[in-house]
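Chains as they are written, first to last, in full-length UniProt numbering: chain A, 1 to 463; chain B, 1 to 463.
A virtual CB, placed ideally from N, CA and C, is assigned to each residue, including glycine.
Computed from a predicted model, the values in this text were never measured in an experiment.
Take a look at the structure set out below.
There are 2 protein chains.
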Amino acid sequence: MTDLTAALSAADAQFDESLERLFGLLRIPSISTDPAFAADCRRAGQWLVDELIGLGFDASLRDTPGHPMVVAHHDGATPDAPHFLFYGHYDVQPVDPLELWTSPPFEPEIKEIAPGRKAITGRGAADDKGQLMTFVEACRAWKAASGSLPCRITILFEGEEESGSPSLKPFLKANAEELTAECALVCDTGMWDTETPAISVGLRGLVGEEVTIHAADRDLHSGLFGGAAANPLQILSKILADLHDETGRVTLEGFYDGVEHTPAQVLESWNNLGKTAESFLGEVGLSVPAGEKGRSVLELTWARPTAEINGMWGGYTGEGFKTVIAAQAAAKVSFRLVGKQDPDQIRAAFRAHVEARLPEDCSASFSPHGGSPAIQLPFDSPMVTKARNALTDEWPKPAVMIGMGGSIPIVGDFQNILGLQSVLCGFGLTDDRIHSPNEKYDLTSFSKGIRSWVRILQALSKP
Amino acid sequence: MTDLTAALSAADAQFDESLERLFGLLRIPSISTDPAFAADCRRAGQWLVDELIGLGFDASLRDTPGHPMVVAHHDGATPDAPHFLFYGHYDVQPVDPLELWTSPPFEPEIKEIAPGRKAITGRGAADDKGQLMTFVEACRAWKAASGSLPCRITILFEGEEESGSPSLKPFLKANAEELTAECALVCDTGMWDTETPAISVGLRGLVGEEVTIHAADRDLHSGLFGGAAANPLQILSKILADLHDETGRVTLEGFYDGVEHTPAQVLESWNNLGKTAESFLGEVGLSVPAGEKGRSVLELTWARPTAEINGMWGGYTGEGFKTVIAAQAAAKVSFRLVGKQDPDQIRAAFRAHVEARLPEDCSASFSPHGGSPAIQLPFDSPMVTKARNALTDEWPKPAVMIGMGGSIPIVGDFQNILGLQSVLCGFGLTDDRIHSPNEKYDLTSFSKGIRSWVRILQALSKP
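Now the structure itself:
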């Protein structure tokens, strides 16, 4: 029996316990954006520290001005083994609207979601607790099979990924020497489909912005003032409606500066994946591509920038009716960035767009919520090739290189602060409902995810 | 001492107790739109029944499918005295946002709001508890001075005015014989300014509508789906932004059908009132007239129709940021009507406007919130002239005939169901903050309001 075979067998043998451990982590409501859950975030971090110490890591909880980091080191089997930095995050998204969950978000269960297809349900199952635990459990399998790990590993688990990572950059800067390695491994991305693993090589950036329109100094009766007084909901609707033109393009001044034309051969390779608008959108009950006209859904979500309204509120929103003209109205807006689009320039262009549409007697206030440029990773570095081959060995179909609609700012920070390239490999699926009610992680994503990391660790340990 | 002088003296002598009684009513949180306050609504109605029985009325609480009506009769001093129906409402608006109140909404106080100017504060102080109590206390003054009332009086107090009056029409129809009189007196309107009383002769109608846009079958991650999936907040923003053109006109098909040109002499009389955009809007921190361009603020609020967004919500609206594309978004929209605009036609035009702007894979649902046409009352009926002269006797400046931005559907119902004209006479002021935090009613509105009704009752009792 080779080391690899033994480690894979160990992963299979311990799988029921792996699942129990993941459930333990999923039961902790570590919602980072809501201050009410700060103690739970800390508890989730400490839970991971304890697990890692049990695996022979030198692990500790590191305080930050926000939620703590988990940092852990393992020397590996030989002193000259290659050294990797693994990243995941233990915090999760809020759970509202709670009434749409079919079982409580922090009481994980195994459910049959289709004939022969089971999934782990609960907030964080896929984003990112289930994913980071694939790596932890792969380390455990290697430890069980060989007594050590085939590589030197440093682990960094963050607790603020879902709330803009305010402490991350300062922490990387302050601990650059301790965190450096040959390459970073990040497990927060998805597969192409249930049979096809993927390595993500393009990540859209993100600019988040909250805007509040201020009109009268109090809420007004629409009978007394309607027709004469400025209505901030009307002004905000116009501002937001004007973000797109009739072809779906974003209208902000200079918005497309730095957006590169996607090469024809890349578009062709994506077209060959056979993903139609109907199949992509059909999973969520839609069928017509929104956004820029004349582009495939893969290009729209992997290679094109967007402007989205993520939340909006103002006036009376309770039961019944209230004929009020609100004093203010607000929206949370975000922009997905590609190529060399500059987050600061786009934030400024949005603010100018708002200001240009304000009546003289109204005002706007803004608060920024994170900004990170897009990232393009190599298609063909040695690390990527090794990981790709290891994935192909595990899954029914060969691994593919894909773009990614979401943003993982950590990849840019690793590049800029630690000088590290990243390999992005994860086992999420598009129907995981991350950030939504009834989040799930396929049982196969978890079991074969663990086995994938067992294989990747061995592949990367070779010169 | 004449009867009138005696009754006015009695009103003055009892004023401190009048105030105590009003405070008692204001302490009952009779919010009709929120089912949680149903028992309080009933309690407010019963409080009024008890007061009226104490004044010699034959008064009772009448159940409806919603909140109960208060109905009371008093025969007056002589069997052939003219007979009037007085209307007010004991329910109040919700109080949110509660944090903007400087004192609790249901703990009324007397505050000095400007040098020498005092006001009664609390939800309902002006709309409509303070107003209806001016009439109740005027009856009490007549009773104290002369032992009876100079007219026959029927009183109808409603408990659903702020929630669309669902029970009112059926109740009027079922009790038409009992409620009929020579003319209705309604106290739910305002003065021109602190020195100038007013009788309102034009009332805008109202159509309320709630619309919900449905897109994906779940909330989506904007990274995975942004740029490809329909965003209901974006669709709704566009729908609402499109309600007005660049000149401020409402764009709904056929919206201006039945809107009459305001006669030049009426516009001129309004211009002579000297109300500028600056003085009208300045009271609420604004300065630029919104809505249709090139019209005075009085014309805009008294004689022109509007479309207003009264509330809007969707997506993530909590602390922090969530990069979600919502499954649905909703708004409460209302239209103020004038002339012969047809509420049903306007509701249908709005729904068509929404449907025409929906992507194929999205849908809209609607729920109606009341609809009533505009009403034009006579400028010069004998009743109006008597009331006008009585007001002029009480206040520093002569009474004026004004339009009104708000809608009081009861006036149309009295006309259509009971065959009664109404005289609209109230003592509210534009800075009363009705429907807003820190609602107030000037102490003078209350004291001279009582004295005004003492005078009007006598004027109306004469042939």
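Sequence-distant residues of the same chain with beta carbon closer than 8 Å to A:I417, five excluded per side: Its chain contains K169, L172, K173, A176 as the residues whose beta carbon lies nearer than 8 Å to that of A:I417, once the 5 sequence neighbours on both sides are disregarded; these appear in chain order.
Whole-Å CB distance - A:P305 paired with A:V338, under 8 Å assumed: With a Cβ gap of about 5 Å, A:P305 and A:V338 count as contacting.
Interfacial residues, the region 259-293 of chain B to chain A, with Cβ spacing under 8 Å: Correct list: A277, F280, L281, V284, G285, L286, S287, V288, P289, A290, G291, E292.
CB contact check: B:M404 to chain A, cutoff 9 Å: True, the Cβ-Cβ gap to chain A drops below 9 Å.
Any 3 or more C-beta pairs closer than 8 Å across the region 312-326 of chain B and the region 310-318 of chain A: They touch, by the three-pair rule.
Segment limits, alpha helix (DSSP H) that includes residue 464 of chain A: Nothing about residue 464 of chain A can be read from this structure; chain A reaches only from 1 to 463.
Reduced DSSP secondary structure (H/G/I, E/B, other) of A:F414: Annotated three-state conformation of A:F414 is helix, per DSSP.
Check whether A:L206 and A:S334 have beta carbons under 9 Å apart: For A:L206 and A:S334, yes; Cβs fall inside 9 Å.
Proximity of B:S296 and B:N271 at Cβ, strictly below 9 Å: Taking 9 Å as the Cβ cut-off, B:S296 and B:N271 qualify as a contacting pair.
Span separating the alpha-carbon of B:N231 from that of A:K275: When rounded, the distance between both Cα atoms is 21 Å.
Pick from A:Q46, A:A39, A:H67, A:G66 that is closest to A:A59, judged by C-alpha positions: Among A:Q46, A:A39, A:H67, A:G66, the Cα nearest to that of A:A59 belongs to A:Q46.
Closest by C-alpha distance to A:A77, when choosing among A:D96, A:D3, A:P359: Restricting attention to A:D96, A:D3, A:P359, the CA atom closest to the CA of A:A77 is found in A:D3.
Residue of B:L236, B:G403, B:R204 minimising C-alpha distance to B:P409: Closest by alpha carbon: B:R204.
Interface flag, A:G371 vs chain B, CB-CB below 9 Å: No, its Cβ sits nowhere closer than 9 Å to a Cβ of chain B.
Segment contact flag, the region 324-331 of chain A with the region 183-200 of chain A, C-beta cutoff 8 Å, min 3 pairs: At 8 Å Cβ cutoff, the stretches do not touch.
A:L236 at chain B interface by Cβ criterion, 9 Å: The beta carbon of A:L236 falls within 9 Å of a beta carbon belonging to chain B, placing the residue at that interface.
Chain A contact for B:M383 (CB, 9 Å cutoff): Output row for B:M383: interface = no.
Candidates B:P343, B:E355, B:A349, B:I28: closest to B:L374 by CA position: The sequence given here places Ala at residue 374 of chain B; Leu does not occur at that position. Among B:P343, B:E355, B:A349, B:I28, the Cα nearest to that of B:A374 belongs to B:P343.
Residues of its chain near A:A126, where Cβ-Cβ distance is below 7 Å and the 5 sequence neighbours each way are ignored: Within the same chain, and ignoring the five residues on either side of A:A126 in sequence, the residues whose Cβ sits closer than 7 Å to its Cβ are G428, D432, I434, E439, K440, Y441.
Cβ separation of B:A290 and B:G248, assumed to be a contact under 8 Å, to the nearest whole Å: Separation of the CB atoms of B:A290 and B:G248 is rounded to 7 Å, and the pair is thereby assigned contact status at 8 Å.
Boundaries of the alpha helix (DSSP H) in which A:P343 is found, first to last residue: From DSSP, the alpha helix (DSSP H) with A:P343 extends over 343-356.
Reference A:G88, options A:E99, A:R27, A:E160, closest by Cα: Nearest of A:E99, A:R27, A:E160 to A:G88, Cα basis: A:E160.
Assigned exposure category for A:L460 - 16 Cβ within 10 Å defines buried: A:L460 should be labelled buried.
Local Cβ density within 10 Å of B:P463, reported as buried at 16 or more and exposed below that: B:P463 should be labelled exposed.
Test item: CB-CB of A:A10 and A:A141 under 9 Å: For A:A10 and A:A141, yes; Cβs fall inside 9 Å.
CB of A:L267 within 9 Å of CB of A:L179, strictly: The answer is no: Cβ separation not under 9 Å.
Cross-chain neighbours of A:G318 in chain B, by beta carbon under 9 Å: The contacting residues are T33, D34, P94, D96, G311.
7 Å Cβ cut-off: residues of chain B touching A:V53: For the record, residue 53 of chain A in the displayed sequence is Ile; it is not Val. Going along chain B, no residue has its Cβ under 7 Å from A:I53, so there is no contact; the nearest lies around 31 Å.
Interface partners of A:V324 on chain B, CB under 7 Å: The contacting residues are N310, H435.
Beta strand (DSSP E) segment containing B:K440, residue limits: It spans 440-442 - the beta strand (DSSP E) in which B:K440 sits, taken as one unbroken run.
Chain B contact for A:G130 (CB, 9 Å cutoff): Output row for A:G130: interface = no.
Beta-carbon spacing of A:H67, A:G208 below 9 Å: No, the Cβ-Cβ distance between A:H67 and A:G208 is not below 9 Å.
Partners in chain A for B:G208, counting only beta-carbon separations shorter than 8 Å: Simply F321, T323.
Any C-beta of chain B under 9 Å from that of A:R351: Closer than 9 Å to the CB of A:R351 there is not a single CB belonging to chain B.
Short CB-CB distance (under 9 Å) between B:T301 and chain A: Closer than 9 Å: yes.
Continuous beta strand (DSSP E) stretch holding A:C183: start and end: Where A:C183 is concerned, the enclosing beta strand (DSSP E) stretches over 183-186.
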